[in-house]
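So the sequence lines, in the order shown, correspond to chains C and Y.
So the first sequence is numbered by my numbering: it starts at 1142 and just counts up by one.
So the second sequence is numbered by my numbering: it starts at 55 and just counts up by one.
C-beta atoms are modelled at their ideal positions from N, C-alpha and C, and glycine is treated no differently.
Worksheet: the structure to be examined is printed underneath.
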Amino acid sequence: MSIAQETELGRKEVDDFLSARETGVISMARDSDPYAIPVSFGYDSSDRCFYLRLVSTPESEKRRYLASSPMVRLVVYDESGGEYRSVVVKGSLEEITREELTAEHVEQYGDAKRPLFEIWGRDKSELDVELYRIDPDDVSGRLVEIERAEV
Amino acid sequence: MTDEGGEDEYEFLCPDCGEGLVVNASMKDALVDRGCVICGTDVEPSNFTDASAADAG
């Protein structure tokens, strides 16, 4: 297997890619400890912001990371027919409190799917569901085309 | 009940996650259209009560 071509995705290609997907992996750090989890998200291409519902329990490792308002990277990727597309988003997690909610937020979270990877198995009364937004500092996308040798 | 700006207010109770929110008319419409902002469950107009009716008793 070898890389036949590697190109940077343009703005519209990145927007189309993100709008068609609903899951990714978000990474954050606290001191020198990394933490990464799969998340579902909604993407608004008009403002290039990401809307996430994050579920945690008060004593969870996730809660400790979220409480530190970390810088994050969100990675969304896909592989199809020898083509790899990936988008890397850099930014910080901004919590949207219940008091701040507007009709526009409700519309935006409507595009964020239910948290597929989250821990809804527990009684919901034990869970904290918080709403977050990423207003990215940087969004970059890449397409890698792979040439596979015939066997 | 109306807020200081004279806008109608409703009490929303999610039938699935139990989230309770006081919302205005535009947020009510958005919740019915797009689902619960917290858990994504479908929302019906019956999941709202008029805050003025709740205060009347």
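Decide if residue i is buried, meaning its Cβ has at least 16 other Cβ atoms within 10 Å, or exposed.
{"i": "A84 (chain Y)", "result": "buried"}
{"i": "Q1146 (chain C)", "result": "exposed"}
{"i": "G1183 (chain C)", "result": "buried"}
{"i": "G1222 (chain C)", "result": "exposed"}
{"i": "D1276 (chain C)", "result": "exposed"}
{"i": "D1156 (chain C)", "result": "buried"}
{"i": "V1228 (chain C)", "result": "buried"}
{"i": "V1090 (chain C)", "result": "Nothing can be reported for residue 1090 (chain C): it is not among the residues displayed for chain C, which extend from 1142 to 1292."}
If you measure between the beta carbons of residue i and residue j, is that distance less than 8 Å?
{"i": "S1210 (chain C)", "j": "S1173 (chain C)", "result": "no"}
{"i": "R1162 (chain C)", "j": "D1219 (chain C)", "result": "yes"}
{"i": "S1181 (chain C)", "j": "T1164 (chain C)", "result": "yes"}
{"i": "L1268 (chain C)", "j": "V1196 (chain C)", "result": "yes"}
{"i": "L1193 (chain C)", "j": "Y1273 (chain C)", "result": "yes"}
{"i": "K1231 (chain C)", "j": "R1214 (chain C)", "result": "yes"}
{"i": "E1271 (chain C)", "j": "E1236 (chain C)", "result": "yes"}
{"i": "Y1206 (chain C)", "j": "R1171 (chain C)", "result": "yes"}
{"i": "P1179 (chain C)", "j": "S1168 (chain C)", "result": "no"}
So the alpha helix (DSSP H) residue i belongs to, where does it begin and stop?
{"i": "S1201 (chain C)", "result": "Unbroken run through S1201 (chain C): none, as it is neither H nor E."}
{"i": "R1152 (chain C)", "result": "1152-1160"}
{"i": "G1251 (chain C)", "result": "1244-1251"}
{"i": "S1186 (chain C)", "result": "No alpha helix (DSSP H) holds S1186 (chain C); DSSP gives it neither H nor E."}
{"i": "S1281 (chain C)", "result": "Taken as a continuous stretch (DSSP letters only), S1281 (chain C) belongs to no alpha helix (DSSP H), being part of the beta strand (DSSP E) at 1279-1288."}
{"i": "D87 (chain Y)", "result": "79-88"}
Leaving out five residues on either side along the sequence, give the residues of the same chain with a beta carbon under 7 Å from the beta carbon of residue i.
{"i": "D104 (chain Y)", "result": "Y64"}
{"i": "P99 (chain Y)", "result": "V86"}
Under DSSP, the beta strand (DSSP E) around residue i begins and ends at which residues?
{"i": "V1229 (chain C)", "result": "1224-1237"}
{"i": "D1276 (chain C)", "result": "Run containing D1276 (chain C): none; DSSP gives neither H nor E here."}
Excluding sequence positions up to five away, which residues of its chain have a Cβ less than 6 Å from the Cβ of residue i?
{"i": "V77 (chain Y)", "result": "Y64, F66"}
{"i": "G74 (chain Y)", "result": "L67"}
{"i": "T1148 (chain C)", "result": "L1284"}
{"i": "D1185 (chain C)", "result": "Q1249"}
{"i": "E1154 (chain C)", "result": "none"}
{"i": "D1188 (chain C)", "result": "none"}
Can you name, in chain order, every residue of its own chain whose Cβ lies under 8 Å from the Cβ of residue i, other than the five neighbours on each side?
{"i": "C71 (chain Y)", "result": "C90, I92, C93, T95"}
{"i": "Y1250 (chain C)", "result": "G1183, Y1192, R1194, L1272"}
Using only the heavy atoms of the ligand SAH, determine whether one of them is closer than 7 Å to the beta carbon of residue i.
{"i": "A79 (chain Y)", "result": "Questions concerning the ligand SAH fall outside what the structure shown contains, since it holds no ligand whatsoever."}
Starting from the beta carbon of residue i, find every residue of chain D whose beta carbon is closer than 9 Å, and list them in chain order.
{"i": "V1270 (chain C)", "result": "Absence of chain D from the displayed structure is noted, the protein chains being C and Y."}
*Touching or not, the segment 1281-1289 of chain C and the segment 83-99 of chain Y, by the rule of three or more beta carbon pairs under 8 Å?*
They do not touch, by the three-pair rule.
*Report yes or no: do the segment 1238-1248 of chain C and the segment 1196-1211 of chain C share at least 3 C-beta pairs separated by less than 8 Å?*
With fewer than three CB-CB distances shorter than 8 Å, the segment 1238-1248 of chain C does not count as touching the segment 1196-1211 of chain C.
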